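The numbering of the sequence shown is our numbering, which starts it at 0 and goes up by one. Quick reminder that beta carbons are idealized off the backbone N, C-alpha and C, glycines included. This one's a predicted model, so the numbers in the text were calculated from it and none came from an experiment. Below is one structure, written out as structure tokens; the observations come after it.
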Amino acid sequence: MTKNHGQLKTAVIKIKEAIQAVQSPQIQWIFRQPTDADRQKAKGEVQQKAIEQKKIFEKEPGVDTESLAKQETAIDQIVQRANQKLDEARVNASLLAIEQEAIDAIEAVCHPDMMRSFQPVDIDEANRAKGVIQTAGDELKQRFNAIENVDPVSLHQQVERIDQLMAAANKRINDANTNADVDQVQEETLDDFAMVPAPSTLTPKREERTQAHRAIDWAGAKKQAEIDQVPNSDLSIYQATINQLREAMDQAHQAVDQAKTGQDLTEQLTKFVKTINALTVPKANQEQPNQAIIQAAKQQIDWAGAKKQAEIDRVLNPDVLAYQATINQLRGAMSQAHQAVSEAKTGQDLTDQLTKFLKTINTLTVPVANQAQPSHAEIQTANQQIDQAGEKKRTAIEAVSNADKQAYEKAIARL
């Protein structure tokens, strides 16, 4: 108990101060006014959700780019509206509600469409592909049926083959998962139709044989080009391969000419074209040509030079200067050719030099015959005829018995 009024007053004052010192309880966070940090945190979480959702859309296989752009724009609009609302929120509770609403809206954005080829098979697409295949198969069968003098056995085989391809295509389309699968079946089946050979005729027509010969020549020319493209190939291997190619082509042409039926012609053509295509192309040879190859090349140069020499010598009564100039050109070209072949570093270099100088030798201009002046050979022949006539007359003079000595000497002197 207080003892006096002063003490009571002091006690009241202290009690009031103690009461004032008691702190009021804090307001819950959700009821507080958002700080800038609270707003930025909410915006960041919405933005992160938008980024994650976009990545999910972008990683979807076969996504349509136009549809993807449309859906990503929708997400951006949700983020933009959410940011505006977050800026206007008065309490953190509203902040949380707006954030969750935006995240739910982002998750609710529909996935973008897939490209047509990645979409599940559409029944109309499947029927369209089946129709295309059916039409192509029927047209091919009609074309085969219209072949003149067609072999019925061969025709039946090829039509049956077409029906098998069509049946297999229909089954694959029924089992397809996407429109891309349907497109692939259609494309592959049409390619298979193109590979079905026409049925043979009972007797090959001239046009068929001609076409077969052309096919052989084309295959041979293609293989020849393939062989010739090999840089610096070994000459002996190159020549052996060329010989194999020519032999295969000769056999192929002969087989085509001797084919008794269209089926036989087709089989022989297929067989020999396959043989030609399978010929092994010589490998490139980077080694320096050996002496045997160099000598063989020089021999070709000598043969070409001898041939050109004979061509020059056959000219009747050539101009002596032109003749000698041509001979000098020939000898110079042969000498340069021998030197170039000897100095070749690779087989390809040797081949190039040989080809170059053989062309130079073969294209040398032969001197023209000179009709105004007799040739050396003509002059020699004429001298021989004169000498023979003179000897004959001398023998006749000397055969005269008891000839007058003065008359004899005069005749001899005149002769």
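Residue i versus the options, residue with shortest Cα-Cα distance
{"i": "residue 157", "options": "77, 312, 179 and 191", "result": "191"}
{"i": "residue 288", "options": "262, 242 and 343", "result": "343"}
{"i": "residue 332", "options": "318, 346, 354 and 278", "result": "354"}
{"i": "residue 94", "options": "29, 137, 394 and 302", "result": "29"}
{"i": "residue 237", "options": "222, 386 and 309", "result": "222"}
{"i": "residue 396", "options": "350, 224 and 410", "result": "410"}
{"i": "residue 203", "options": "350, 264 and 348", "result": "264"}
{"i": "residue 279", "options": "327, 319, 219 and 309", "result": "219"}
{"i": "residue 165", "options": "139, 144 and 104", "result": "139"}
{"i": "residue 121", "options": "175, 3 and 145", "result": "175"}
{"i": "residue 73", "options": "83, 87, 91 and 52", "result": "52"}
{"i": "residue 213", "options": "226, 256 and 187", "result": "256"}
{"i": "residue 323", "options": "167, 363, 388 and 387", "result": "363"}
{"i": "residue 186", "options": "155, 130, 217 and 145", "result": "130"}
Beta-bridge pairing of residue i - partner residues as DSSP gives them
{"i": "residue 177", "result": "119"}
{"i": "residue 232", "result": "283"}
{"i": "residue 149", "result": "200"}
{"i": "residue 368", "result": "317"}
Cα-Cα separation, residue i to residue j
{"i": "residue 182", "j": "residue 63", "result": "18 Å"}
{"i": "residue 147", "j": "residue 197", "result": "12 Å"}
{"i": "residue 177", "j": "residue 119", "result": "4 Å"}
{"i": "residue 205", "j": "residue 211", "result": "10 Å"}
{"i": "residue 47", "j": "residue 106", "result": "12 Å"}
{"i": "residue 215", "j": "residue 307", "result": "36 Å"}
{"i": "residue 5", "j": "residue 13", "result": "13 Å"}
{"i": "residue 208", "j": "residue 268", "result": "10 Å"}
{"i": "residue 142", "j": "residue 160", "result": "14 Å"}
{"i": "residue 36", "j": "residue 9", "result": "47 Å"}
{"i": "residue 248", "j": "residue 266", "result": "15 Å"}
{"i": "residue 11", "j": "residue 42", "result": "53 Å"}
{"i": "residue 200", "j": "residue 313", "result": "57 Å"}
{"i": "residue 304", "j": "residue 189", "result": "59 Å"}
{"i": "residue 137", "j": "residue 149", "result": "17 Å"}
{"i": "residue 432", "j": "residue 85", "result": "It is not possible to answer for residue 432, since the shown part of the chain is limited to 0 through 414."}
{"i": "residue 309", "j": "residue 194", "result": "56 Å"}
{"i": "residue 383", "j": "residue 393", "result": "15 Å"}
{"i": "residue 405", "j": "residue 379", "result": "34 Å"}
{"i": "residue 104", "j": "residue 60", "result": "24 Å"}
{"i": "residue 345", "j": "residue 58", "result": "56 Å"}
{"i": "residue 298", "j": "residue 327", "result": "20 Å"}
{"i": "residue 145", "j": "residue 246", "result": "37 Å"}
{"i": "residue 387", "j": "residue 320", "result": "31 Å"}
{"i": "residue 87", "j": "residue 34", "result": "12 Å"}
Under 9 Å between C-beta atoms of residue i and residue j
{"i": "residue 258", "j": "residue 271", "result": "no"}
{"i": "residue 229", "j": "residue 151", "result": "no"}
{"i": "residue 419", "j": "residue 329", "result": "Nothing can be reported for residue 419: it is not among the residues displayed for the chain, which extend from 0 to 414."}
{"i": "residue 251", "j": "residue 274", "result": "yes"}
{"i": "residue 292", "j": "residue 337", "result": "no"}
{"i": "residue 128", "j": "residue 184", "result": "yes"}
{"i": "residue 32", "j": "residue 89", "result": "yes"}
{"i": "residue 132", "j": "residue 169", "result": "yes"}
{"i": "residue 261", "j": "residue 334", "result": "no"}
{"i": "residue 283", "j": "residue 341", "result": "no"}
{"i": "residue 162", "j": "residue 171", "result": "no"}
{"i": "residue 352", "j": "residue 339", "result": "yes"}
Contacts around residue i, its chain only, beta-carbon distance under 7 Å, and the 5 residues preceding and following it disregarded
{"i": "residue 45", "result": "78, 81, 98, 101 and 102"}
{"i": "residue 112", "result": "63 and 66"}
{"i": "residue 368", "result": "314, 315, 316 and 317"}
{"i": "residue 242", "result": "none"}
{"i": "residue 124", "result": "178 and 181"}
{"i": "residue 356", "result": "300, 332, 335, 336 and 339"}
Cβ shell of residue i (< 8 Å), same chain only, five flanking positions each side left out
{"i": "residue 109", "result": "70"}
{"i": "residue 56", "result": "62, 67, 70, 71, 110 and 111"}
{"i": "residue 75", "result": "49"}
{"i": "residue 295", "result": "234"}
{"i": "residue 391", "result": "none"}
{"i": "residue 244", "result": "219, 222, 223, 226, 275 and 278"}
{"i": "residue 412", "result": "none"}
Own chain partners of residue i with C-beta closer than 6 Å, once the 5 adjacent residues on each side are dropped
{"i": "residue 311", "result": "325 and 365"}
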